[in-house]
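Chemist: Below is the structure I would like to discuss, written out as structure tokens.
There are 4 protein chains.
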Amino acid sequence: MIKVGIVGGTGYTGVELLRLLAQHPLAELRAITSRADAGTPVSSMFASLRGQIGLCFTHPDETHLEQCDLVFFATPNGIAMQQARALLDAGVRVIDLAADFRIRDVAVWEKWYGMSHACPDMVAEAVYGLPEMNRDQIRQARLVANPGCYPTAVQLGFLPLLEAGLVDVSGLIADAKSGVSGAGRKAEVGFLFSEASDNFRAYGVAGHRHLPEILQGLARVAQQEICLTFVPHLSPMNRGIHATLYARLRQDADLQALFERRYGNEAFVDVLPAGSHPETRSVRGANCCRIAVHRPQQGNTVVVLAVIDNLVKGAAGQAVQNMNLMFGLPETTALTGVPLLP
Amino acid sequence: MIKVGIVGGTGYTGVELLRLLAQHPLAELRAITSRADAGTPVSSMFASLRGQIGLCFTHPDETHLEQCDLVFFATPNGIAMQQARALLDAGVRVIDLAADFRIRDVAVWEKWYGMSHACPDMVAEAVYGLPEMNRDQIRQARLVANPGCYPTAVQLGFLPLLEAGLVDVSGLIADAKSGVSGAGRKAEVGFLFSEASDNFRAYGVAGHRHLPEILQGLARVAQQEICLTFVPHLSPMNRGIHATLYARLRQDADLQALFERRYGNEAFVDVLPAGSHPETRSVRGANCCRIAVHRPQQGNTVVVLAVIDNLVKGAAGQAVQNMNLMFGLPETTALTGVPLLP
Amino acid sequence: MIKVGIVGGTGYTGVELLRLLAQHPLAELRAITSRADAGTPVSSMFASLRGQIGLCFTHPDETHLEQCDLVFFATPNGIAMQQARALLDAGVRVIDLAADFRIRDVAVWEKWYGMSHACPDMVAEAVYGLPEMNRDQIRQARLVANPGCYPTAVQLGFLPLLEAGLVDVSGLIADAKSGVSGAGRKAEVGFLFSEASDNFRAYGVAGHRHLPEILQGLARVAQQEICLTFVPHLSPMNRGIHATLYARLRQDADLQALFERRYGNEAFVDVLPAGSHPETRSVRGANCCRIAVHRPQQGNTVVVLAVIDNLVKGAAGQAVQNMNLMFGLPETTALTGVPLLP
Amino acid sequence: MIKVGIVGGTGYTGVELLRLLAQHPLAELRAITSRADAGTPVSSMFASLRGQIGLCFTHPDETHLEQCDLVFFATPNGIAMQQARALLDAGVRVIDLAADFRIRDVAVWEKWYGMSHACPDMVAEAVYGLPEMNRDQIRQARLVANPGCYPTAVQLGFLPLLEAGLVDVSGLIADAKSGVSGAGRKAEVGFLFSEASDNFRAYGVAGHRHLPEILQGLARVAQQEICLTFVPHLSPMNRGIHATLYARLRQDADLQALFERRYGNEAFVDVLPAGSHPETRSVRGANCCRIAVHRPQQGNTVVVLAVIDNLVKGAAGQAVQNMNLMFGLPETTALTGVPLLP
């Protein structure tokens, strides 16, 4: 059994991680910390976990995370970077679901996240945890930076096109729509039901923190600088990201075959038949990205539609996928749940 | 392996049954029929089942259901009663998720359902499939009438009070609220998103088909006629039933202890701590009824709050629970999934 | 023109009051205060008011509310009671949309609201602003306590039955469902979209602050003490209250005629035809209570269904209705907008 | 008073038209036809109109629409073209809210709408009813083709850029999101609450009927052929369209000033301050398009965000605006209602 600890499990990625780990046959949850809620049974905060998780939240200072084999950070940005070194030094592997180790250029990270990085030297060691791009490195990693939700959908959607060099990378567009759980379980007026329901809006058009993460990943694939306009939107739904991606083709190609070939062996990327429109609910609760590729009116613009559950393939599910890889387990362990529809 | 067939799998109880059976280690789905959609792959109707269910819908006339061990009817009312006899005669067991065999008094059934019963003699054999009331008979049954969604929540909520003879049965009130999936996957204007969202309404106050089913069950428990006012409501949510039950106490009692004792050994009924308010999302996707019992201001009115997922404990999950009992499997097989929250 | 001031206009009742007053031909909005947002244009907080309201929020200490003819308090509980006396002394009339002056028994108020009352002597002067009960006193009032949202729906629903002495007042039940805007525009986790959507729950079963207010009103009508079980619920919708009321009949009566007679002259209470089920969206945005009365199976339980928009007839619209009465205007001035459906 | 008739008033644009006309001081609703619902009072189909609209639906064959001054067609495509000539010949003016007269090239229309046009010669006479483009012609028109909802938002958003010749018209992108009411009040499975809620999907990527309408309008403005990729999406909300528009700048410009100047005199187009993100609820129920223009990271891609209420500025409100223009009334008559928020 893999002894697992979680730091900060009171948010939505935390409770999702608990849901998945509760069903993992080879993971043993040893501790889950919360400064504010130490002493509270996990199942009294999340009634959905009654009978599933017997633990109480414990105070981080009184929790022996160094006795775990793996620690997940389901914390706000800036926490994992302060605790990762001690854990690694104690032989514990770390998966950070926040952004601390996602951006290799520390100056860029510090600009977008508005703080100094506590351990810039460890950023180089960290492996970006998108298995469909980095599977082999993840297998060897001690420290994995779990990707953001938007970056997962956007990168998986553009990947085959950029690898094949088919599109003009100077004018990529990612118009992405997220459910409200992506904003986390924080008390903020803007995400109240009465603000977010029956409403639709863009946000962060001037610049969103996931932009540099996407740029870094796509540039690596394209092996050149790319230029991307990224517009995130808030949609009145709980879970789900729908990325609508636009690129100009530089040459003709069988796009459907390209995508099917690229993802044919991937357990968690499903290329839909030509002409399809994936819906977010088709992946609700599942570690799956469904993709369709279109070329409207046979013009020179390719449109890729990619959907994920932001809390699963966009966060906790991908983290478990990374755990499975890091510990040599079958990659799909505990990740075969069927999406909940309707 | 139990060879399983499904008649009529294109509605919400059908797709939910498929979700659960896809994960059942001892069930082998052999056939799923649909007159209208014969030839269509199940997974092209429900993208959530891509990679999970390889079958196509087949025409009922060309499907050898008699080769199954068990057939589920996830059909409109009035279908199962026409096909059950032939299947039973062929040694197949049957679970009807519709109402054909729920009401023992055939005249009452015919009045509420507006049709003649095709096999009144078989009604007597059918076992009402609420395991928390009828577990032993279900184990022996060839033909199980799976309860309605409202009746499941209302009966589980009232059961301990009536068994203990604590309340005045001449004036019970069940104020129940259902998500829209309870109306099924039928094209009707009243259940369009633009009709049902941001809206709340009662319906069927003059009389709802689930009333005689509830009356029958509660009267059996109370061993006397009971009088119940049942008001169902439509709430703008997908899944979930919340039953708020009111009864007048005839004597003092420790209600919390009563409920905890009654359901202490039940895997799928969870009595919450005193003072709790169960929420429907805490059982989303799970075969679970969560219950809280209150006595406001220590008056003589007891208030019971009971929540279920109408498609799981209120339909497909309960059907699988019944299957497990009928075939001697552990009752919780394939029913241990954690609710999806948020 | 009536010179109007608003104290505390940044919540949902505040913005709704602004919406209605912006269209009132005889009201002139002079000032709107907000300690936290002084200096901010109202229309930059609420884009819906762009081009409609030119004012900025001002600091209460720098606002000459005593120059107004009427001041609305759209504040949390406990604010109006501190400022009302000075305004009344200056000849300004006051309508409090919060609870400070709703309960005549100050001890009861202090128990339920958990604070000492700042001006108990003024409670006696205050008129409870439910025009369908108190129209004449409201016309003469200097200080009006605008009713709560639940109390408006519940009292209007029970009123005809109690006035006629038709029901057993020892066992009334009010099962009420509210949209989330009823919780206000406060940053609280429980009312986030991801907590409240696709979910249904009761709350405050042990006791809700609107209970004593309802009891007081109904007792006055019934001219005796009454006993009521009140269970509020949160429904995943923006606006709307649906009250489902239950009472035992003590004698036979033509309930439909009773209700139609009682409300025949009321502009804002609409008795639906027999057999109807009012829906909350049918009053969305309008100062209207729609009511249906049922007697299921001709038994001795009467069921009343009453719907309002909690922000209009349950708050801001009723406040404008009271204003119209206090200033001798036609009661329907600025309140004739058609509900927004869908 | 303008005598008004409505053909086909049982859909969402119909009920919205009724809501607006009920409050129009110079319109007198004379008749509203519905083949299927003749004899039914309008207010028994739409309870929101109780006390507002006294008419019953009448059978088209028994309704003397030729006695009206103006007839609105709120019908499916293909109806108005069969009846318009007779009405025009009788001196009645016509506004078609469907698509029959929107496309000047009849062959293009017939291809996209899959039917033969009944009166191709009248297409040339029809005026495209987007007042911000065509105000003067609308004033003179006998026959107005009211624009589609998507085309209204997309054209208003691109208009200033194309008029100024600032962008590359060979690669425009319109990523548009609509509430479900845009699909109309038709019984279709895909628009059931349980299909559309908590879900997001694109549709019609291969080609949507609003594409040729947008292309026609933009080409006229740009005075050259344009190339547009248009991807509509369904968002789980009732009302609202959010268009996110992308174009490549060909030269530098003060975009904010450009938009403010272009729409400075428009009553129903509101250019938000730089850096804003309009939300659909800020126009809910109002005849208003709110627009923001962005240039992320000062790159060469301009992003325009435009929101409307699809049933108001995208349908019925715009139709009333056109009526006002055609009859010489102030353009804002009956269109000054404040948006409903929350």
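Chains as they are written, first to last, in this note's numbering: chain A, 43 to 384; chain B, 43 to 384; chain C, 43 to 384; chain D, 43 to 384.
By construction, the Cβ of each residue, glycine as well, lies at the ideal position given by its N, Cα and C atoms.
(1) Throw me the rounded Cβ distance for the Asn-119 of chain B and Ala-141 of chain B pair, which I believe falls under 8 Å.
(2) Is it true that the CB of Gly-51 of chain A sits closer than 8 Å to the CB of Ile-74 of chain A?
(3) Any beta carbon of chain D sitting closer than 8 Å to that of Ser-38 of chain B?
(4) Which complete beta strand (DSSP E) runs does the stretch 275 to 313 of chain B hold, if anything under 3 residues is left out?
(5) Based on the DSSP output, what are the partners of Phe-143 of chain D in its beta bridges?
(6) Determine whether the Cβ of Asp-217 of chain C lies closer than 8 Å to any Cβ atom of chain B.
(7) Looking at the strands, I want to know which residues DSSP matches up with Glu-205 of chain A.
(8) Just the Cα atoms here: how many angstroms apart are Ser-158 of chain B and Leu-129 of chain B?
(9) So with CB distances below 7 Å, who are the chain B contacts of Asn-323 of chain C?
(10) Between the alpha carbons of Arg-181 of chain C and Asp-138 of chain C, how many angstroms are there, rounded?
(11) Only counting runs of 4 or more residues, tell me where the alpha helix (DSSP H) segments fall wholly within the stretch 144 to 221 of chain B, in order along the chain.
(12) Relative to chain C, which residues along the stretch 51 to 63 of chain D have a C-beta separation below 7 Å, given in chain order?
(13) Taking the alpha-carbon positions, what's the Leu-291 of chain C to Leu-297 of chain C distance?
(14) Does the distance from the CB of Trp-154 of chain C to the CB of Pro-254 of chain C come in under 8 Å?
(15) Can you check which of these residues, B:Gly-81, B:Thr-375, B:Val-380, is closest to His-66 of chain B by C-alpha distance?
(16) What residues from the stretch 329 to 345 of chain C come within 8 Å of chain D, judged by C-beta to C-beta, listed N to C?
(17) Applying the criterion that 16 or more other CB atoms from any shown protein chain within 10 Å of the CB defines a buried residue, is Lys-355 of chain A buried or exposed?
(18) Could you name the residues of the same chain whose beta carbon sits closer than 8 Å to that of Glu-174 of chain B, not counting the 5 residues immediately before and after it, in chain order?
(19) Around the Cβ of Asp-217 of chain C, are there at least 16 other Cβ atoms within 10 angstroms (buried) or fewer (exposed)?
(20) For Leu-353 of chain B, write down the residues that DSSP places opposite it in a beta bridge.
(21) Which of helix, strand or coil does DSSP assign to Ala-126 of chain B?
(22) Would you say Phe-88 of chain A lies against chain B (beta-carbon separation less than 8 Å)?
(23) From Ala-132 of chain D to Arg-144 of chain D, what distance separates their C-alpha atoms?
(24) Can you tell me which residues form a DSSP beta bridge with Glu-267 of chain D?
(25) Would DSSP call Ala-69 of chain A helix, strand or coil?
(26) Taking a cut of 9 Å between CB atoms, which residues from the stretch 260 to 275 of chain A lie near chain D?
(27) Write down every uninterrupted run of the alpha helix (DSSP H) in the stretch 73 to 110 of chain D whose length is 4 residues or greater and which is fully enclosed by it, in chain order.
(28) Who are the neighbours of Ser-223 of chain B on chain E, taking C-beta pairs under 7 Å?
(29) Rounded to whole angstroms, what's the CA-CA distance from Leu-185 of chain B to Arg-135 of chain B? Just pull it up for me.
(30) Note down, in chain order, every chain A residue with its Cβ under 8 Å from the Cβ of Val-231 of chain C.
(31) Among B:Gly-370, B:Val-148, B:Val-84, which residue has its Cα nearest to the Cα of Glu-167 of chain B?
(32) Run through the DSSP bridge pairs and tell me what Val-49 of chain A is partnered with.
(33) Could you compute how far the alpha carbon of Val-222 of chain B sits from the alpha carbon of Ser-277 of chain A?
(34) Check the C-beta distance from Ser-236 of chain D over to Tyr-192 of chain B and give it rounded, since I have them as a contact under 8 Å.
(35) Name the DSSP bridge partner or partners of His-336 of chain A?
(36) Going by Cα to Cα distance, which pick from C:Ala-289, C:His-284, C:Glu-373 is closest to Met-220 of chain C?
Modeler: By the coordinates alone:
(1) 5 Å
(2) yes
(3) There is no way to answer for residue 38 of chain B, as the model of chain B reaches only from 43 to 384.
(4) 283 to 290, 311 to 313
(5) In the DSSP output, where bridge partners are listed per residue, Phe-143 of chain D has none listed.
(6) yes
(7) BP columns for Glu-205 of chain A are empty, so no partner.
(8) 20 Å
(9) A small correction: the amino acid at residue 323 of chain C is Arg; Asn does not occupy that position in the sequence shown. Correct list: Asp-240, Asn-241.
(10) 15 Å
(11) 148 to 155, 162 to 167, 173 to 182, 191 to 205
(12) Along the stretch 51 to 63 of chain D, going in chain order, the ones with a CB nearer than 7 Å to a CB of chain C are Tyr-54, Val-57, Arg-61.
(13) 10 Å
(14) yes
(15) Nearest C-alpha to His-66 of chain B: B:Thr-375.
(16) Arg-332
(17) buried
(18) Leu-198, Leu-201, Tyr-305, Glu-308, Phe-310, Val-311
(19) buried
(20) Note: Leu-353 of chain B sits in no beta bridge, so no partner.
(21) helix
(22) yes
(23) 22 Å
(24) Note: Glu-267 of chain D sits in no beta bridge, so no partner.
(25) strand
(26) Cys-269, Thr-271, Phe-272, Val-273, His-275
(27) 84 to 87
(28) No chain E is part of this structure, whose protein chains are labelled A, B, C and D.
(29) 6 Å
(30) Arg-227, Lys-228, Ala-229
(31) B:Val-148
(32) A:Thr-75, A:Phe-115
(33) 20 Å
(34) With 8 Å as the limit, Ser-236 of chain D and Tyr-192 of chain B do not qualify as a contact, their Cβ atoms being about 17 Å apart.
(35) Residue pairing by DSSP places His-336 of chain A opposite A:Val-345 in a beta bridge.
(36) A small fix is needed here, since residue 220 of chain C is Ser in this sequence, not Met. Considering only alpha carbons, the answer is C:His-284.
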